[in-house]
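Quick note, the working numbering runs 43 ahead of the 1-based positions in the sequence shown.
Quick reminder that beta carbons are idealized off the backbone N, C-alpha and C, glycines included.
Everything on this sheet refers to the single structure shown next.
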Amino acid sequence: MTDVLQTLTSGIALGSLYAVLALGFVIVARASGILNLAQGSFVVLGAYLAYALIHQAGLPFWAGVVVAMAAVALFAVLLEALVLHRVADHFAALLITFGVTIAVAPVITGIWPGDSLNLGDPWALSVLRIGGIGITARDATLIPITAVLLLCFFLFFRYTRIGLSLRATAIDSEAALAQGVSTRLVYGISWGIAGALGAFGGVILSTTVGGGVRPGLEVYAFLALPVIILGGLESPLGAVVGGLIIGVVQQFAVSLVPESWGSGFSEVVPYLVMLVILLIRPAGLFGRREVRRA
């Protein structure tokens with residue numbers, strides 16, 4: 044029983060990380076309908092900027108993280124305003140965002156070379172023991188942060204003017220514009236939030252438990268793609284629920300699947316779960332169904 048609870052706890056922690064990464068995709072897709080593959084660049088940029096601010100500029104850890112998140116958010120806003128806002132076709136925008144990730148990653152690793160840089164996070168390799176179940180201090184922090192993020196998203200979308208504008212723009216951008224909603228402001232805010240979330244995810248991935256700040260971090264952003272498809276492309280709640288489902292199933296696959304199935308089988312599990320769910324609900328767990336008429 045203890046082993047089951049240990050695996051479940053590890054899965055929830057992994058799912059929380061997936062959820063943070065997925066929320067960055069969802070907020071942009073909800074506002075503008077664009078699948079933002081530049082999220083990978085936000086992840087790697089946030090991690091390396093946090094390292095520079097903490098170790099080279101001498102800022103305290105959390106101050107460096109917050110400043111890095113703000114800087115990446117500004118980068119995301121400028122990317123949308125100066126480049127993507129001029130592109131009308133969503134497929135072209137998709138290619139541009141993918142190109143940004145491809146271009147940014149080698150530039151960043153060229154500025155800060157090295158296989159792995161120590162971020163100096165406050166959790167290190169500390170493990171908390173609760174009733175025989177071990178959980179890293181980082182994961183013990185990440186799980187409640189994800190819960191708070193979900194609550195903030197709910198309150199933001201439901202009770203703030205900007206949140207209502209985001210919802211209106213997601214439903215019908217032309218009607219929202221006719222009612223006086225500034226779509227440029229809505230798009231800028233959504234991209235800024237996505238940038239900040241991507242930077243935070245990059246910091247979490249770069250902790251001592253995660254292996255430090257290193258090349259290839261941008262790839263981890265794409266692990267969120269099965270999550271957002273599973274939960275529904277424009278659903279913040281779906282991102283969190285999908286992340287938890289994928290994280291838990293993946294951890295159980297690591298512990299239960301025989302080695303004869305291959306060492307990389309657990310990496311395929313998110314996509315298998317996604318396919319099963321889509322066979323039942325093509326729009327995802329919380330996605331809106333499209334009505335098709337013959």
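* To do: Measure the C-alpha to C-alpha separation of S278 and F265 and round it to an integer number of angstroms.
  => S278 and F265: Cα-Cα distance of roughly 17 Å.
* **Sequence-distant residues of the same chain with beta carbon closer than 6 Å to G67, five excluded per side** => Non-local C-beta neighbours of G67 in its own chain, meaning closer than 6 Å and more than five positions away in sequence, comprise Q82, A237, L240, G241, ordered along the chain.
* To do: Thinking A90 and G107 are a contact (beta carbons under 8 Å), I'd like their distance in whole angstroms, please.
  => Actually they are not in contact, since the Cβ atoms of A90 and G107 sit about 11 Å apart, beyond 8 Å.
* Pairwise C-alpha distance: N161 and R181 -> Approximately 15 Å, taken between the alpha carbons.
* Asked: How many angstroms separate the CA atom of A183 from the CA atom of W234?
  -> Pairing A183 with W234, the inter-Cα distance amounts to about 28 Å.
* Using DSSP with H/G/I as helix, E/B as strand and the rest coil, what is I77? -> It is coil, neither helix nor strand.
* Say whether the stretch 196-207 touches the stretch 46-60, bearing in mind that this needs 3 or more beta-carbon pairs closer than 8 Å, one atom from each stretch. => Under the Cβ criterion (8 Å, minimum of three pairs), the stretch 196-207 does not count as touching the stretch 46-60.
* Asked: Would I312 pass as a contact of A296 if the rule is Cβ separation under 9 Å?
  -> Per the sequence presented here, residue 312 reads as Val, with Ile not at that position. Contact annotation: V312 and A296 have beta-carbon atoms nearer than 9 Å.
* Within its chain, find whatever has a CB closer than 8 Å to the CB of W155; leave out the 5 residues flanking it on each side and keep chain order. => Non-local beta-carbon contacts of W155 in its own chain, meaning distances under 8 Å to residues more than five positions away in sequence, involve Y91, Y94, A95, V256 in chain order.
* Asked: Between which two residues does the beta strand (DSSP E) harbouring V262 extend?
  -> Careful: V262 lies outside any beta strand (DSSP E), inside the alpha helix (DSSP H) at 261-264.
* For V110 and G102, believed in contact at Cβ under 8 Å, the rounded distance -> Strictly speaking, residue 102 in this sequence is Leu, with Gly absent from that position. Going by Cβ atoms, the distance from L102 to V110 rounds to 7 Å, so yes, they are a contact pair.
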